[in-house]
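Okay, so here's the structure we're looking at.
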Amino acid sequence: MRILGIETSCDDTGAAVVEDGRILSNIVAAQDIHLEYGGVVPELASRAHITLLPRVVQQALDTAQVTVDQIEAVAATVGPGLVGSLLVGIEFAKGFALARGIPWVGVNHVEAHLVSAGLEADLQAPYVGMVASGGHTEIYHVPEPGVFRRVGSTRDDAAGEAFDKIGKLLGLPYPAGPHLDRLAREGRADAIPLPRARLKGDTLDLSMSGLKTAAKLFLEREPRPIPDPRIRDIAASVEKAIVDVLVERLGQALSRFEARAVTVAGGCACNTLLREETARLAAARGIPARFPSPKLCRDNGAMIAHAGSLAIQRGQTTPFSATAIANLDSFSLLPV
Amino acid sequence: MDIEVRSLLRGAAETVSFGRRIGALAIPGDWVALTGDLGTGKTTLVSGIVEGIHPGTRSRSPTYVRVEVYGVSPAIVHADLYRLQAPGEWDTLGIEDLADRDAIVLVEWADRAPDRLPAERLELTLRYSGEAAREIRIHARGDRWHTLIKEGKLDRDTWSDALYPRD
Chain R
0 MRILGIETSC DDTGAAVVED GRILSNIVAA QDIHLEYGGV VPELASRAHI
50 TLLPRVVQQA LDTAQVTVDQ IEAVAATVGP GLVGSLLVGI EFAKGFALAR
100 GIPWVGVNHV EAHLVSAGLE ADLQAPYVGM VASGGHTEIY HVPEPGVFRR
150 VGSTRDDAAG EAFDKIGKLL GLPYPAGPHL DRLAREGRAD AIPLPRARLK
200 GDTLDLSMSG LKTAAKLFLE REPRPIPDPR IRDIAASVEK AIVDVLVERL
250 GQALSRFEAR AVTVAGGCAC NTLLREETAR LAAARGIPAR FPSPKLCRDN
300 GAMIAHAGSL AIQRGQTTPF SATAIANLDS FSLLPV
Chain X
0 MDIEVRSLLR GAAETVSFGR RIGALAIPGD WVALTGDLGT GKTTLVSGIV
50 EGIHPGTRSR SPTYVRVEVY GVSPAIVHAD LYRLQAPGEW DTLGIEDLAD
100 RDAIVLVEWA DRAPDRLPAE RLELTLRYSG EAAREIRIHA RGDRWHTLIK
150 EGKLDRDTWS DALYPRD
């Protein structure tokens, strides 16, 4: 099946064509479109989606070398995200599907991240997965295809948010994650004592805000300017503190639930240490660790198309009366 | 009518307790504006407010998605203006549309779009007071919160550890 995937839940406008699990095109605005059109990308996210989406879709079709009438289904993100931004993608998808007489399917953005590694490698249920990005830090158990059980999540800041906010305190450009990753490779992770939040009770939830506050208080006491070797040590220590919390929870989830693989997706899945530590965790249990490639880690249309085609294979499509859900938490089917 | 009182929150547990008290007093249509530097506990305070409105409901930082919505009757609209690049971007968030339905609106980094908030609101400003403690300035704008403060509904003994023991 040839499916068009549309992603407009936050800042990025994404469209992709996926055919039987193979990515034919995967266009994300701001990067690709900006270059091609040389124009100014509108500053306001939801308005930017309106302007960019038709162009992004056209470019996705062109790059895939398919025409509008060769598309057999459309998938779009229905939540979680900003309602105004979500609606742009949803209504476009519904309009496209209605005009072509093909089905459309609404996709949960976080679940799409979760399955995204399946576009590049074998990822079969049952598995345990984590989505860690600027907006989300969630742990899921997928006991069988199409069943997404959220078993833990952050109670305050997302992991990527912790990377970015602490990175900003260090004077790193936004988004700070890649810079912090690069600096951390040459630093000592045990140089700075930073807390790892241990939440009370039997929970797979996690917390990042205490670490952020500790880093801020620590950095306020640090003499300025901070010399480069010291910045690398701080970066390595911050990265280790964040990754420790994530990997500990992942390990606990693997102990509790049946899993034949573990996957980490979302923007933070690009982080070198998180990949290494997760791979080690998986190796100790004799299961594979799956990570999407960097382009699939960020918000993109291909993961939406993939999640959409999996849903359609299971016989799920979405009624045209369905709409955006800002707080799509733990369910994957839309109320009508 | 405006009134401002100050209090000390000695750690995250007290911040949550104070938030629960605010949540218990909040009614549909209320707006709570939160301001304070990185790490002063705005999101922690919000988690308490959300708990006070809908016990058992979890909140989280909406820094990236900008707006999260929790629960119904009343819905809680939790906005975060940290990433707002211009006050005009407020208009694209749809907060007023969501708030139309008798929601309780909680806005972090409210100082990034001060003119967009309704005149009647509760303003909570957090500041570091040592490592763990935070000073909170409680500024009632409008009669309702003004009266609640005058009646002692936010006095320390209504929310401190005596009522909400540390867990």
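So the sequence lines, in the order shown, correspond to chains R and X. Using numbering that gives the first Met the number 0, the first residue of the first sequence is number 0, and each one after it goes up by one. Using numbering that gives the first Met the number 0, the first residue of the second sequence is number 0, and each one after it goes up by one. Every residue, glycine too, gets a C-beta built ideally from N, C-alpha and C.
- For the pair X:Thr-146 and X:Arg-136, the CB atoms are not nearer than the 8 Å cut-off.
- At least 8 Å separates the beta-carbon of X:Tyr-127 from that of X:Trp-108.
- Between X:Glu-95 and chain R, the shortest Cβ-Cβ separation is not below 8 Å.
- In the three-state DSSP reduction, R:Thr-202 falls in the coil class, being neither helix nor strand.
- R:Val-237 and X:Asp-36 have their C-alpha atoms some 20 Å from each other.
- Of the residues R:Leu-168, R:Lys-294, R:Leu-205, R:Ala-321, the one whose Cα lies closest to the Cα of R:Leu-118 is R:Lys-294.
- Chain X has no Cβ within less than 8 Å of the Cβ of R:Thr-12.
- Look at the segment 293–318 of chain R and you find these whole runs of alpha helix (DSSP H), each 4 residues long or longer: 293–296, 300–312.
- Taking C-beta separations shorter than 7 Å and ignoring five residues to either side along the sequence, the partners of R:Phe-319 in its chain run Lys-93, Leu-97, following chain order.
- Nearest C-alpha to R:Cys-9 among X:Val-106, X:Trp-30, X:Gly-28, X:Leu-83: X:Leu-83.
- For R:Pro-228, the closest C-alpha among the options R:Leu-193, R:Arg-181, R:Met-207, R:Glu-257 is that of R:Arg-181.
- DSSP places R:Asp-163 inside the alpha helix (DSSP H), whose first and last residues are 158–168.
- The beta carbon of R:Ala-124 sits closer than 7 Å to those of Val-141, Pro-142, Glu-143, Pro-144, all from its chain and outside the five residues before and after it, given in chain order.
- For R:Val-56, same chain residues with a beta-carbon under 6 Å away, outside a window of 5 residues either side, are Ala-14 in chain order.
- A straight-line Cα-Cα distance of about 12 Å links R:Pro-222 and R:Ile-230.
- R:Ala-234 and R:Arg-289 have their C-alpha atoms some 25 Å from each other.
- Setting aside the 5 residues that flank it on each side, R:Ser-115 is surrounded in the same chain by Ala-264, Pro-291, Leu-295, Met-302, His-305, each with a C-beta closer than 7 Å to its C-beta; the list follows chain order.
- Neighbourhood of X:Gly-22 in chain R, by CB distance below 7 Å: empty, with the nearest CB roughly 16 Å away.
- If you draw a straight line from the Cα of X:Glu-88 to the Cα of X:Ala-112, it is about 9 Å long.
- From the listed residues R:Ile-101, R:Ile-165, R:Trp-103, R:Lys-211, the smallest Cα separation to R:Asp-155 is found for R:Lys-211.
- For X:Val-49, there is no enclosing beta strand (DSSP E); the residue is found in the alpha helix (DSSP H) stretching over 41–52.
- Sixteen is the threshold: when 16 or more other Cβ atoms of the shown chains lie within 10 Å of the Cβ of R:Val-130, as they do, the residue is buried.
- In this structure, DSSP gives R:His-135 a state outside helix and strand, which the three-state scheme calls coil.
- Setting aside the 5 residues that flank it on each side, X:Leu-116 is surrounded in the same chain by Trp-30, Ala-32, Val-106, Ala-109, each with a C-beta closer than 7 Å to its C-beta; the list follows chain order.
- With fewer than 16 other CB atoms across the displayed protein chains lying within 10 angstroms of its CB, R:Ala-283 is exposed.
- Distance from the CA atom of X:Leu-44 to the CA atom of R:Val-65, rounded to whole angstroms, is 51 Å.
- Among the residues of chain X, those whose CB is under 9 Å from the CB of R:Ser-208 are Ala-11, Gly-38, Gly-40, Thr-42, Thr-43, Ser-60, following chain order.
- When DSSP reads this structure, R:His-112 sits in no beta bridge, so it has no partner.
- If you check the CB distance, R:Gln-69 and R:Arg-1 come in under 8 Å.
- Here the C-alpha atom of X:Asp-156 lies approximately 19 Å from the C-alpha atom of X:His-138.
- In this structure the segment 48–56 of chain X touches the segment 8–20 of chain X; the number of beta carbon pairs closer than 8 Å is three or more.
- In chain R, no part has a C-beta under 9 Å from the C-beta of X:Ser-128; the shortest such distance is about 12 Å.
- R:Val-261 is positioned such that its CB atom lies no closer than 8 Å to that of R:Tyr-173.
- No Cβ of chain R is located within less than 8 Å of the beta carbon of X:Thr-146.
- Judged by DSSP in its simplified three-state form, R:Ile-89 adopts helix.
- At a cut-off of 8 Å, the C-beta of X:Arg-5 has no neighbouring C-beta in chain R.
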